[in-house]
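The block underneath contains the structure these notes are about, expressed in structure tokens.
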Amino acid sequence: MNVNQDMSILSLITQASFTVQCVMAILAIVSLMSWTYIFRKHFAIKRAKQQTDRFEADFWSGGDLNMLHHAVSTRRGEQGALARIFEAGMAEFAKGRQGKLHDVNTLLDGPRRAMRAAYQREMDSLESHLAFLASTGSVSPYVGLFGTVWGIMHAFRGLANVEQATLSSVAPGIAEALVATAIGLFAAIPAVVAYNRFSHDIDRLSIRFDSFIDEFLNILQRQVR
Numbered sequence: 001m002n003v004n005q006d007m008s009i010l011s012l013i014t015q016a017s018f019t020v021q022c023v024m025a026i027l028a029i030v031s032l033m034s035w036t037y038i039f040r041k042h043f044a045i046k047r048a049k050q051q052t053d054r055f056e057a058d059f060w061s062g063g064d065l066n067m068l069h070h071a072v073s074t075r076r077g078e079q080g081a082l083a084r085i086f087e088a089g090m091a092e093f094a095k096g097r098q099g100k101l102h103d104v105n106t107l108l109d110g111p112r113r114a115m116r117a118a119y120q121r122e123m124d125s126l127e128s129h130l131a132f133l134a135s136t137g138s139v140s141p142y143v144g145l146f147g148t149v150w151g152i153m154h155a156f157r158g159l160a161n162v163e164q165a166t167l168s169s170v171a172p173g174i175a176e177a178l179v180a181t182a183i184g185l186f187a188a189i190p191a192v193v194a195y196n197r198f199s200h201d202i203d204r205l206s207i208r209f210d211s212f213i214d215e216f217l218n219i220l221q222r223q224v225r
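First residue of the sequence shown? That's 1 in UniProt numbering, and the numbers climb one at a time after it.
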């Protein structure tokens, strides 16, 4: 086997010690899971933005709220997070009106609590798997570093049986160990970038949801006066 073959990435992985190979395997699995969550979260947030835009356009078009509530109820799975928040508040408001509640604060307290509960459910759904990306971004480099340190220790222990240490005898062992750090960085960097981007997008959606709840409560308050 020539030098180029010995120093290829595949050869460095297969020739690494068992412990380093285990570290590489763990990092590869974590990286695969991370990319899976990244793509799923990207499309989920993109869909949530589009659904929010469509619902806000329908809501502020000036149509009847009861008709909008009926349309949302019949197409619940297609409307998105903001529509489900609106549906929860409108349904609770209708129950209060049917119960002939006359106090404005009491009548609006039900929709407020219902929309806040729906808001928390939607935010929990949007933020799912973000903790995994954050953990991957922060822990993976250290896991890779552990594999590197272990590999270098293994390489230097092997030099104890060599009478004359040269660069050619040290380089393969160190290169094998450094592959673990490279794989750790490959897993961590996309996870950190994705986590920061998704957190920003979710925060923007959260602000839009919060603003809608306040504006919708103001509309309901004007209706009961």
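Heads up, the beta-carbon is just placed ideally off N, CA and C, and yes, glycines get one too.
Original post:
Would you report the Cα separation of residue 51 and residue 192, rounded to the nearest angstrom?
Top reply: Residue 51 sits at position 51 when you count from the first residue of the sequence shown. Residue 192 sits at position 192 when you count from the first residue of the sequence shown. Approximately 27 Å between the Cα atoms of the pair.
**OP:** For residue 223, count neighbouring Cβ atoms within 10 angstroms of its own Cβ and tell me buried if that reaches 16, exposed if not.
**Re:** Taking the sequence shown and counting its residues from 1, one reaches residue 223 at position 223. The residue in question, residue 223, is exposed, as its Cβ has fewer than 16 Cβ neighbours within 10 Å.
**OP:** Note down the Cα distance separating residue 107 from residue 213, rounded to an integer number of angstroms.
**Re:** The residue labelled residue 107 in the question sits at position 107 within the sequence shown. The residue labelled residue 213 in the question sits at position 213 within the sequence shown. Using only the alpha carbons, I get a separation of about 15 Å.
Subject >> C-alpha distance - residue 84 paired with residue 133, whole-angstrom precision >> reply: Counting from 1 along the sequence shown, the entry for residue 84 is found at position 84. Counting from 1 along the sequence shown, the entry for residue 133 is found at position 133. The straight-line gap from Cα to Cα measures roughly 27 Å.
Original post:
Taking Cβ positions only, does residue 44 come closer than 8 Å to chain D?
Top reply: Of the protein chains in this structure there is only one, and it is not chain D.
**OP:** Report the rounded CA-to-CA distance for residue 88 versus residue 197, giving the unit in angstroms.
**Re:** Here residue 88 refers to the residue found at position 88 when the sequence shown is read from its first residue. Here residue 197 refers to the residue found at position 197 when the sequence shown is read from its first residue. C-alpha separation (whole angstroms): 29 Å.
Original post:
Where are the alpha helix (DSSP H) runs, 4 residues long or more, that stay fully inside the segment 2–67, in chain order?
Top reply: 3–6, 9–14, 18–59
**OP:** In angstroms with no decimal places, state the Cα-to-Cα distance between residue 91 and residue 122.
**Re:** Here residue 91 is taken as the residue at index 91 of the sequence shown, counted from 1. Here residue 122 is taken as the residue at index 122 of the sequence shown, counted from 1. Distance between the alpha carbons of residue 91 and residue 122 is about 17 Å.
Original post:
Looking only at its own chain, which residues have a Cβ that is under 7 Å from the Cβ of residue 206, when we skip the five neighbours before and after it?
Top reply: Counting from one through the sequence shown, the residue named residue 206 turns up at place 206. The residues are 123.
**OP:** Flag this pair as yes or no: are the beta carbons of residue 143 and residue 23 separated by less than 8 Å?
**Re:** Against the sequence shown, residue 143 aligns to sequence position 143. Against the sequence shown, residue 23 aligns to sequence position 23. For residue 143 and residue 23, yes; Cβs fall inside 8 Å.
Original post:
Touching or not, the segment 40–56 and the segment 150–158, by the rule of three or more beta carbon pairs under 8 Å?
Top reply: no
Subject >> Residue environment, residue 46, which counts as buried when at least 16 other CB atoms sit within 10 Å >> reply: Locating residue 46 in the sequence shown gives position 46, where the first residue counts as 1. When all chains shown are included, residue 46 counts as exposed.
Original post:
Between residue 18 and residue 29, what straight-line distance do the alpha-carbon atoms span, to the nearest angstrom?
Top reply: For the purposes of this step, residue 18 is taken as the residue at position 18 of the sequence shown. For the purposes of this step, residue 29 is taken as the residue at position 29 of the sequence shown. Approximately 17 Å between the Cα atoms of the pair.
**OP:** Return the chain-ordered list of same chain residues with a C-beta closer than 6 Å to the C-beta of residue 211, the five sequence neighbours on each side being excluded.
**Re:** Residue 211 sits at position 211 when you count from the first residue of the sequence shown. Closer than 6 Å at the Cβ level, and outside the excluded window around residue 211, lies no residue.
**OP:** Note down the Cα distance separating residue 116 from residue 217, rounded to an integer number of angstroms.
**Re:** Residue 116 sits at position 116 when you count from the first residue of the sequence shown. Residue 217 sits at position 217 when you count from the first residue of the sequence shown. Going by the C-alpha atoms only, they are around 12 Å apart.
Original post:
To the nearest angstrom, how far is it from the Cα of residue 55 to the Cα of residue 34?
Top reply: Locating residue 55 in the sequence shown gives position 55, counting from the first residue. Locating residue 34 in the sequence shown gives position 34, counting from the first residue. Roughly 31 Å between the two C-alpha positions.
**OP:** Keeping to the same chain, check which residues put their C-beta closer than 8 Å to that of residue 229; ignore five residues upstream and five downstream.
**Re:** As shown, the chain starts at 1 and ends at 225. That puts residue 229 outside it, with no answer to give.
**OP:** With residue 96 as the anchor, note down where its alpha helix (DSSP H) starts and where it stops.
**Re:** Against the sequence shown, residue 96 aligns to sequence position 96. Note, residue 96: alpha helix (DSSP H), 81–98.
Subject >> DSSP three-state assignment for residue 206, whether helix, strand or coil >> reply: Translated into the one-based positions of the sequence shown, residue 206 becomes position 206. Residue 206 falls in the helix class under three-state DSSP.
Original post:
What is the DSSP secondary structure of residue 103, reduced to helix, strand or coil?
Top reply: Here residue 103 is taken as the residue at index 103 of the sequence shown, counted from 1. If DSSP states are grouped into helix, strand and coil, residue 103 belongs with coil.
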